Each structure stands twice: as structure tokens, then as C-alpha cells.
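With the numbering used here, letter number 133 in the sequence shown gets 873, and the count goes up by one each step, no holes.
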Amino acid sequence: MVGAKVLELRDVIMRREEKRREREWSKEVGEMESEMARKEREIRMEKQLKEREESIHRKEMELEEVQMNWAKREAEKRVRLERELDEERRQRMKFEEKWEEEEMEWRERIVEMQIEHEKQMMQMHADACQNQLQILGVVARLVCQFFGSTNDGLGGGMGPLPPQVLQNLQHSGGLGDSGKPDATLPSEFL
């Protein structure tokens, strides 16, 4: 009976030990499972964090590329505008130079026409003066011959004027070189 009690006691102790070992084992298994779950969560979080960082990096790269493309387009646009402005400036300068040349030519033609007109007017005036002097000379000669005749009785002893005086009357205008040289006109009209 003592042996049976010892055996029974030993069975009880072994069952208790077995239960304790099962509890420890299940505790260790639970801790291991929770540790594995924690590690999986950490790995998952690290993976998500890494994916986020990669996404952010990718977006930053895309943004940088967009900014570079925009800056490149702006630079090309600025260069094109500057080229167009330079071309427009060159064309405007050519147009202004051409306009100034045409204006100078026009002014020169106007001045030449004015000079020619003044020459013609002066020549006409000189011709008119010459004609007046010639007419005056002819009239004076006629008057002198008419009144200077000794036969008509009106002269009162006044003789004809010498030819030198008559010639001086014809050329008394003193035109010199500015007068129109007329080689076809004789020095005496009558």
C-alpha cells in the first residue's frame, strides 16, 4: 500500500510536472508566435516604409524631371523670343535706314528742283530785264532819231545822239556775266 501510494504520488507528481511542462511549452510557443508576429509586423512596416520612401524618391525624381523640362522649355522660349526680337530690331533698322536714304534722296531732289527753279526764275528775270533794257534802248533811239532830226524843225538844234551813247543806253543794265548771252541779237536794232 505504501508502494501503491508512492506510485500514485509519483503519478500525480509526474502529471503535475507534465502539465507544468505543457504550460511552459505553450507559453514558449505563444511567446514565439507573438515574437514571430511582431517580427512580421516590423518587416511589413519596414517594407511599407521602404515602399513609401521609394515612392517619394520616384515622385521627387519625376518632379525634378518636370522642373528640368519646364526650365528647358522656358530657356528655349526665351532664346526664341530674343532671336525674334533681334530679327525684328534688324528689320526695323533696315527699314529705317532705307526710309532715311529715300528721304535724303527725296530732299536732294527737292533741293535740286528748288535750285533749278531759282536758276530759271533768275534767268527769266535777267531775260526780262535784258528785254526791257533793249526795248528802252530802241525807244530811246527812236525818240532821239525822231527828235534829233534837223529837217523837221522840232529838234531845236538838237542833233542825233552819238552811237556810243545809244549803245550805253542799250547796255546800261550792267548785267555782266549773269545776263543771258544772246549771240543772235545784233548790237543795234535799227
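Positions of the beta carbon are idealized from the N, C-alpha and C atoms, including for glycine. Please read all numbers here as calculations on a predicted model, not as lab measurements.
Annotation: the continuous alpha helix (DSSP H) that includes M754 extends over V742 to G888.
For R881, the number of other beta carbons within 10 angstroms of its own is at least 16, and it is reported as buried. Around the CB of G877, 16 or more other CB atoms lie within 10 Å, so the residue is classed as buried. In this model, R792 and K799 are separated by some 10 Å (Cα to Cα).
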